[in-house]
Amino acid sequence: MVQETAEDHPADPVVLDGALAHDPDVTHVVVVHCETTSGVLNPVEEIAAVTARHRRRLLIDAMSAFGAIPLDARRVPFDALVASANKCLEGVPGVGFAIVRREALEEARGQAPSLSLDLHDQWTAMEKNGQWRFTPPTHVIAALDRALDQHAAEGGVAGRGARYRRNCTLLVEGLRAMGFETLLPDRLQAPIIVTVRMPADPKFHFETFYDRLAQRGYVIYPGKLTVADSFRIGCIGALGEAEMRGALEAIRAVVAELGVTSCAPAPA
Numbered sequence: 240m241v242q243e244t245a246e247d248h249p250a251d252p253v254v255l256d257g258a259l260a261h262d263p264d265v266t267h268v269v270v271v272h273c274e275t276t277s278g279v280l281n282p283v284e285e286i287a288a289v290t291a292r293h294r295r296r297l298l299i300d301a302m303s304a305f306g307a308i309p310l311d312a313r314r315v316p317f318d319a320l321v322a323s324a325n326k327c328l329e330g331v332p333g334v335g336f337a338i339v340r341r342e343a344l345e346e347a348r349g350q351a352p353s354l355s356l357d358l359h360d361q362w363t364a365m366e367k368n369g370q371w372r373f374t375p376p377t378h379v380i381a382a383l384d385r386a387l388d389q390h391a392a393e394g395g396v397a398g399r400g401a402r403y404r405r406n407c408t409l410l411v412e413g414l415r416a417m418g419f420e421t422l423l424p425d426r427l428q429a430p431i432i433v434t435v436r437m438p439a440d441p442k443f444h445f446e447t448f449y450d451r452l453a454q455r456g457y458v459i460y461p462g463k464l465t466v467a468d469s470f471r472i473g474c475i476g477a478l479g480e481a482e483m484r485g486a487l488e489a490i491r492a493v494v495a496e497l498g499v500t501s502c503a504p505a506p507a
């Protein structure tokens, strides 16, 4: 069963409650903490409460949120959470990890359809000899170790998240001041990535806009929405106020170069 929501709306715990009540065959619920296609922050704690009330199990994709958006496993019931060394931890891509409730991990013995992704097998192997079953990406692990030191020095989840929120606020306010419209209202916006509606001005050509920003040292993301033409700008990584203001100045300059007189999107 798939519970679909519009790309610019979060998952709805009320709808989930009704779905679980009417379908006893559902055993697990899967939710993405932060959706990077749109920037939506899903209400994971509410979804976890609904899932637990129906005695089902929750799996969380925290890939784009882990390390910057709080999620307390002592309060939020889930069976497993997955994330990776990059994104908000600011390591490099190349290794993922799972935080799994021990009982759920023990129940998974012999259930994995994949040799390389058998978490129970890897867990038991490490418990025996402290080794990976296959050649590990040692350079990625070393980078993650250093990234975790930097994460702790910044104040952990609270400190990292605060910097990203400052970046996001500065970016959104700057874009709106130029006339751009963001996809999401502030109450739904995660401080990870901002989706911006494409200007309707015929002089605005995204490919040219993208290329000229890149020439100035700022690389953005094309949009992936079906509900609106858009592009995206990230707030995470080794970025602070200087970089966000620099990006805004570059955007302002490129818009002027293109002769765009309005950054507003087409009427809905």
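Adding 239 to a residue's 1-based position in the sequence shown gives its number in my numbering. A virtual CB, placed ideally from N, CA and C, is assigned to each residue, including glycine. None of the values given here were measured: they were computed from a predicted structure.
Arg-405 sits close to Gly-479, with the two beta carbons spaced by under 9 Å.
At a Cβ-Cβ threshold of 9 Å, Leu-423 and Thr-276 do not count as neighbours. DSSP places Val-396 in the uninterrupted alpha helix (DSSP H) bounded by 395 to 416. Phe-336 is bridged by DSSP to Ala-322.
Taking 9 Å as the cut-off, the Cβ atoms of Pro-504 and Arg-436 count as close. Excluding sequence positions up to five before and after Gln-428, its CB lies within less than 6 Å of the CB of Gly-278, all in the same chain and listed in chain order. Taking each of Val-321, His-248, Gly-257 and Gly-330 in turn and checking the Cα distance to Met-240, the smallest one comes out for Gly-257. Only residues of its own chain outside the window of five on either side were considered, and among them Ala-307, Cys-327, Pro-430, Ile-431, Cys-474 and Ile-475 have a CB closer than 8 Å to the CB of Tyr-403, listed in chain order.
The segment 295 to 307 makes contact with the segment 388 to 402, as at least three CB pairs between them are under 8 Å.
Counting every other CB atom within 10 Å of its CB across the protein chains shown gives Ser-469 a total of 16 or more, marking it as buried. Pairing Ala-301 with His-272 gives a Cβ-Cβ distance under 9 Å. In its chain, beyond the 5 residues on either side, Ala-250, Pro-252, Leu-255, Val-268, Val-270 and Leu-297 have a beta carbon closer than 8 Å to the beta carbon of Ile-286.
Remark: C-beta atoms of Ala-386 and Gly-349 do not approach each other more closely than 9 Å.
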